[in-house]
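Visitor: Numbering (the working numbering), first residue to last: 60 to 281.
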Amino acid sequence: MTCTDIDGCDPDPCDANAQCTDNTAPDTGATCTCSTGYEGDGMTCTAVDYCSSGPCLNGGTCEDDGNGYTCTCAPNYDGVHCEIGCEDGYWLYNNTCYWFSPTWHEYSDAEDVCAARNAIMATVKDAGTHSFLSTQIQSTQDGKSHWIGLTDRINDGNYKWSDGSTPGSYQPWRAGEFGFGDHTQKGCVILWHHVNFSWATTKCEHRWRLHFICEKAAVTTP
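1. Can you grab the Cα-Cα spacing for the pair residue 224 / residue 210, in whole Å?
2. DSSP has residue 206 in a bridge; who is on the other side?
3. Just the Cα atoms here: how many angstroms apart are residue 144 and residue 281?
4. In the structure shown, what three-state DSSP assignment does residue 224 receive?
5. If distances are taken between C-alpha atoms only, which option among 176, 74, 191 and 173 comes closest to residue 91?
6. Quick check: residue 267 and residue 232, are their CB atoms within less than 8 Å of each other?
7. For the segment 268-280 against the segment 179-190, are there 3 or more C-beta pairs whose distance is under 8 Å?
8. May I ask you to verify whether the segment 111-130 touches the segment 78-94, counting CB pairs closer than 8 Å and requiring at least 3?
9. Alpha carbon to alpha carbon, what distance is there between residue 112 and residue 125?
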């Protein structure tokens, strides 16, 4: 006597979006498994709606690609789920929020304004940040010079950032700079609009009143 295993997948009992696996003898029948991107019992499979749970935060738009989702974030938000962002009035770049002052202040007053916002004067430690800030100044601030958080007021000639660090390898001083003006008056650094927002030093007080930039860490939505 000869026994032949019955192919449980012939004919295929599964949904068109499922894979059929013949059960090993002595079991009979077949096992149906929904394909990636589908869910169900295998006999009936429906497309997974990856956006149904609302994974994109803060006004982000969810796009279902059949195998997952992608969030397109609203302005000033970032992250896989648009979870990184800034409060109103700030601009987001590289997990940092920047605020551009609408009014002019002496340097010390500018520091106070930033502190009142739980922020510090902006640090510009790489070309990407420099480019972002310069672009924002030109597009939203009429292209005027701005104070940044770099000064040698504590120790003349020894520049420090507002976070206490010293300048690294990125130092885009204007041609002929380091040191513009009388250093006995101490120096505060600006993004100078006359030379493509390169760094230049000016006196910190008296008639020098300029726009300025504050920065603080971006907020992550739980």
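All residues carry an ideal CB built from backbone N, CA and C; glycine is no exception.
Computed from a predicted model, the values in this text were never measured in an experiment.
Guide: Let me lay it out:
1. Roughly 11 Å separates the two Cα atoms.
2. Partner residues in the beta bridge of residue 206, as assigned by DSSP, are 249 and 271.
3. If you draw a straight line from the Cα of residue 144 to the Cα of residue 281, it comes to about 12 Å.
4. The answer is coil: DSSP assigns residue 224 none of H, G, I, E or B.
5. Selected option, being the one with the closest Cα: 74.
6. No, the Cβ-Cβ distance between residue 267 and residue 232 is not below 8 Å.
7. With the cut-off at 8 Å, the segment 268-280 and the segment 179-190 touch.
8. Contact between the segment 111-130 and the segment 78-94 is absent, because fewer than three Cβ pairs lie under 8 Å.
9. Their backbone Cα atoms lie some 15 Å apart in a straight line.
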